[in-house]
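Asker: What follows is a single structure, and I will ask about it in a moment.
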Amino acid sequence: MSKPLRKAVLPVAGLGTRFLPATKATAKEMLPVVDKPLIQYAIEEARAAGIEQFCMVTGRGKTALVEHFDVAFELEATLRERGKTAELEVLRDTQVEPGSIVTVRQQVPLGLGHAIWCARAFIGNDPFAILLPDDLVLADKPCLSQLADVYRDTGGNVVAVTEVPREQTNRYGILRTGKDDGRRVEILGLVEKPASKDAPSNLSIIGRYVLMPEVITYLGRMERGAGGEVQLTDGMARLIGKQPFHGLRYEGQRFDCGDKIGFLEAQIAYALKRPEMADAVRAFLTRYTDQPDFVVSAISREAV
Ligand code: G1P
C-alpha cells in the first residue's frame with residue numbers, strides 16, 4: 147500500500163514579469179480568473195484531491211497570498227452586520243484548517259527545482275503534490291485527483307502531460323516515452339525545454355505533479371540545467387529506473403495563465419461555466435466576433 151498523499155507544495159516566488167505593471171505591487175498568483183485568484187483555484191483543486199497540508203514557496207512581496215487564506219475578522223464582522231450572507235459564504239472557501247498552510251522563502255531565484263528543494267523540511271519522507279498556480283485545468287474531475295488515482299495504482303511518480311505543437315517543446319519539460327495505453331504513459335526520460343529538433347516527443351509536462359520525496363536528494367546537488375537554473379525536470383529524471391514514473395494524459399482543458407492570451411482565454415472559459423454569466427458573455431462575444439468594428443463604433447457613438 148502506498149503512503150497517503152496529504153501534502154502539496156505551491157511554488158509562488160516568481161516575479162510575474164510577464165504581467166507588469168499589474169504585478170508590480172501584487173503577487174501574480176493573486177490575479178483573478180473571473181473573481182477568484184489563481185492561488186485559490188490551486189488550493190481548492192488540492193483539497194479536492196485529499197491534500198491537507200500546504201507549503202507555499204514564496205518570496206518578497208507575496209504576503210497577500212498568506213493573508214488570502216486567513217480569517218478577515220473586520221471584513222466578516224462588517225458583512226455580518228449588513229446581512230451580506232452570500233458574500234460571507236463566498237469567503238468561507240478561503241478558510242483553511244488552522245496551521246495547514248506554511249510558507250518557506252526562496253531567497254534567490256535559482257529555478258523551480260531549487261524552489262521545491264526549499265520545501266524539503268515540509269516534505270520530509272512523504273509523497274507530495276506540486277501545483278503550479280499559473281496552470282489552470284478546467285475539468286470535471288480535478289486534474290490532481292486524476293493524478294492521485296494513478297499514484298494509488300502505481301505507487302510512484304506521476305506527472306500531468308499533454309501534446310504540444312512541435313515548435314513549442316522549448317517551453318516545457320518533455321517526455322521520452324515507453325509503454326503507452328493512450329492515457330497512461332511510462333516515462334523513460336525527461337528533458338527540460340529541448341529545441342524541437344532535439345525533443346524526444348511532443349508530450350509535455352504541465353504544472354501538476356505527484357512525486358516521491360527522494361527527488362529532493364537530487365535537487366540538493368544544485369546542478370544547473372536549462373537556462374542556468376536548477377530544474378525540477380532534471381531532478382525527476384534521476385528517479386527514472388529507480389521508481390515507477392508515469393505521465394497521465396489528464397482529461398480537461400489547460401490554460402497557461404502565465405501568458406496573456408492564455409489568461410484571457412481562461413477568463414472566457416471560466417465565465418462561460420458560470421450559469422449566471424454564461425448568456426451575457428456569449429452575447430458580447432458574438433457582438434465582438436460578428437461586428438469587428440463594434441468597439442470602435444461604440445467609442446465614436448460616445449464621442450458624439
Ligand atoms: C515549468 C517546468 C516545465 C513544465 C512547465 C509547465 O516551466 O520547468 O518542465 O513543462 O513548468 O507549465 P516554466 O513554465 O516555469 O518555465
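For the sequence shown, our numbering assigns the number 147 to the initial residue and increments by one for each residue that follows.
Cβ atoms here follow ideal geometry from the backbone N, Cα and C, with glycine treated the same way.
It should be emphasised that the depicted structure is a prediction, and the values quoted were computed from it without experimental measurement.
Just the Cα atoms here: how many angstroms apart are Phe-430 and Leu-365?
Answerer: Counted from its first residue, the sequence shown places residue 430 at position 284. Counted from its first residue, the sequence shown places residue 365 at position 219. Approximately 48 Å between the Cα atoms of the pair.
Asker: When you measure from the CB of Gly-381 to every non-hydrogen atom of the ligand G1P, does any distance come out below 7 Å?
Answerer: Within the sequence shown, the letter at position 235 stands for residue 381. No - the ligand G1P has no heavy atom lying nearer than 7 Å to the Cβ of Gly-381.
Asker: CB of Leu-365 to nearest heavy atom of the ligand G1P: below 7 Å?
Answerer: The residue you call residue 365 lines up with position 219 of the sequence shown. Not under cutoff, so the answer is no.
Asker: Below 7 Å, is the gap between the Cβ of Glu-313 and the nearest heavy atom of the ligand G1P?
Answerer: Your numbering for residue 313 matches position 167 in the sequence shown. Flag unset: Cβ of Glu-313 not near the ligand G1P.
Asker: Just to check my reading of the structure: Leu-258 and Gln-377 have Cβ atoms closer than 8 Å, yes? What is that Cβ distance to the nearest angstrom?
Answerer: The residue you call residue 258 lines up with position 112 of the sequence shown. The residue you call residue 377 lines up with position 231 of the sequence shown. With a Cβ gap of about 7 Å, Leu-258 and Gln-377 count as contacting.
Asker: Can you check DSSP and say which residues form a bridge with Val-158?
Answerer: As a first step, residue 158 is located in the sequence shown; it is residue number 12 there, counting from the start. Looking at the DSSP assignment, Val-158 forms no beta bridge with any residue, so it has no partner.
Asker: Taking 7 Å as the line, does the beta carbon of Asp-281 fall inside it for any heavy atom of the ligand G1P?
Answerer: Position 135 of the sequence shown holds residue 281. Checking the Cβ of Asp-281 against the ligand G1P gives yes.
Asker: Inspect the beta-carbon positions of Ser-347 and Thr-323 and report whether they are closer than 8 Å.
Answerer: Residue numbering aside, residue 347 sits at position 201 when the sequence shown is read from its first letter. Residue numbering aside, residue 323 sits at position 177 when the sequence shown is read from its first letter. Yes. Within cutoff.
Asker: Given the structure, does Gln-399 come close to the ligand G1P, in the sense that its CB is under 7 Å from one of the ligand's heavy atoms?
Answerer: As a working note, residue 399 is residue 253 in the sequence shown. For Gln-399, the distance from the CB to the nearest heavy atom of the ligand G1P is not below 7 Å.
Asker: Look at the alpha carbon of Asp-380 and the alpha carbon of Leu-256, and state the distance between them as a whole number of angstroms.
Answerer: Here residue 380 refers to the residue found at position 234 when the sequence shown is read from its first residue. Here residue 256 refers to the residue found at position 110 when the sequence shown is read from its first residue. Cα-Cα distance, rounded: 14 Å.
Asker: Below 8 Å on the Cβ atoms is my guess for Leu-318 versus Lys-343; work out the distance and round it to an integer in Å.
Answerer: The residue you call residue 318 lines up with position 172 of the sequence shown. The residue you call residue 343 lines up with position 197 of the sequence shown. The sequence given here has Tyr at residue 318, not Leu. Incorrect: roughly 15 Å between the Cβ atoms, too far for contact.
Asker: Under the rule that 16 or more other beta-carbon atoms within 10 Å means buried, what is Met-368, buried or exposed?
Answerer: Position 222 of the sequence shown, counted from the start, is the residue given in the question as residue 368. Label assigned to Met-368: exposed.
Asker: Kindly provide the ranges of any beta strand (DSSP E) runs that are 3 or more residues long and lie completely inside the segment 288-331, ordered along the chain.
Answerer: 303-309, 319-326
Asker: Is DSSP giving His-214 helix, strand or coil here?
Answerer: Numbered from its first residue, the sequence shown carries residue 214 at position 68. Three-state DSSP puts His-214 in coil, outside helix and strand.
Asker: Please report the straight-line C-alpha distance between Phe-200 and Ile-247, rounded to a whole angstrom.
Answerer: For this step, residue 200 is matched to residue 54 along the sequence shown. For this step, residue 247 is matched to residue 101 along the sequence shown. Cα to Cα, the separation comes out at about 5 Å.
Asker: Are the CB atoms of Val-337 and Ile-320 nearer to each other than 8 Å?
Answerer: On the sequence shown, residue 337 is found 191 positions in, with the first residue counted as 1. On the sequence shown, residue 320 is found 174 positions in, with the first residue counted as 1. Contact: yes.
Asker: On the DSSP letters alone, give me the boundaries of the alpha helix (DSSP H) that Tyr-355 sits inside.
Answerer: Here residue 355 refers to the residue found at position 209 of the sequence shown. No alpha helix (DSSP H) contains Tyr-355, which is instead part of the beta strand (DSSP E) from 349-357.
Asker: Determine which residues share a DSSP beta bridge with Cys-201 and list them.
Answerer: Counting from one through the sequence shown, the residue named residue 201 turns up at place 55. Note: Cys-201 sits in a beta bridge opposite Val-155, Val-248.
Asker: Going by Cα to Cα distance, which pick from Val-310, Asp-405, Leu-334 is closest to Leu-166?
Answerer: Against the sequence shown, residue 166 aligns to sequence position 20. Of the listed residues, the one whose Cα sits closest to Leu-166 is Asp-405.
Asker: To the nearest whole angstrom, what separates the beta carbons of Ala-159 and Ala-261, a pair I think is in contact under 8 Å?
Answerer: As a first step, residue 159 must be located in the sequence shown, where it is residue number 13. As a first step, residue 261 must be located in the sequence shown, where it is residue number 115. The pair is a contact, with the Cβ atoms about 6 Å apart (cut-off 8 Å).
Asker: Terminal residues of the continuous beta strand (DSSP E) containing Ile-276?
Answerer: As a first step, residue 276 is located in the sequence shown; it is residue number 130 there, counting from the start. Taken as a continuous stretch (DSSP letters only), the beta strand (DSSP E) holding Ile-276 covers 274-277.
Asker: Between Ala-424, Phe-401, Leu-410, which has its C-alpha nearest Asp-281's C-alpha?
Answerer: Against the sequence shown, residue 281 aligns to sequence position 135. Checking every option, the nearest Cα to that of Asp-281 belongs to Phe-401.
Asker: Compare the C-alpha of Thr-363 against each of Asp-181, Pro-183, Ile-407, Trp-263 and name the closest.
Answerer: Residue 363 sits at position 217 when you count from the first residue of the sequence shown. Nearest option by C-alpha distance: Trp-263.
Asker: Go ahead and pull the three-state DSSP assignment for Gln-336.
Answerer: Position 190 of the sequence shown, counting from 1, holds the residue named residue 336. Per the sequence shown, the amino acid found at residue 336 is Leu instead of Gln. Leu-336 falls in the strand class under three-state DSSP.
Asker: Can you give the Cα-Cα distance for Val-217 and Tyr-187, rounded to whole angstroms?
Answerer: By one-based count along the sequence shown, residue 217 stands at place 71. By one-based count along the sequence shown, residue 187 stands at place 41. Cα to Cα, the separation comes out at about 18 Å.
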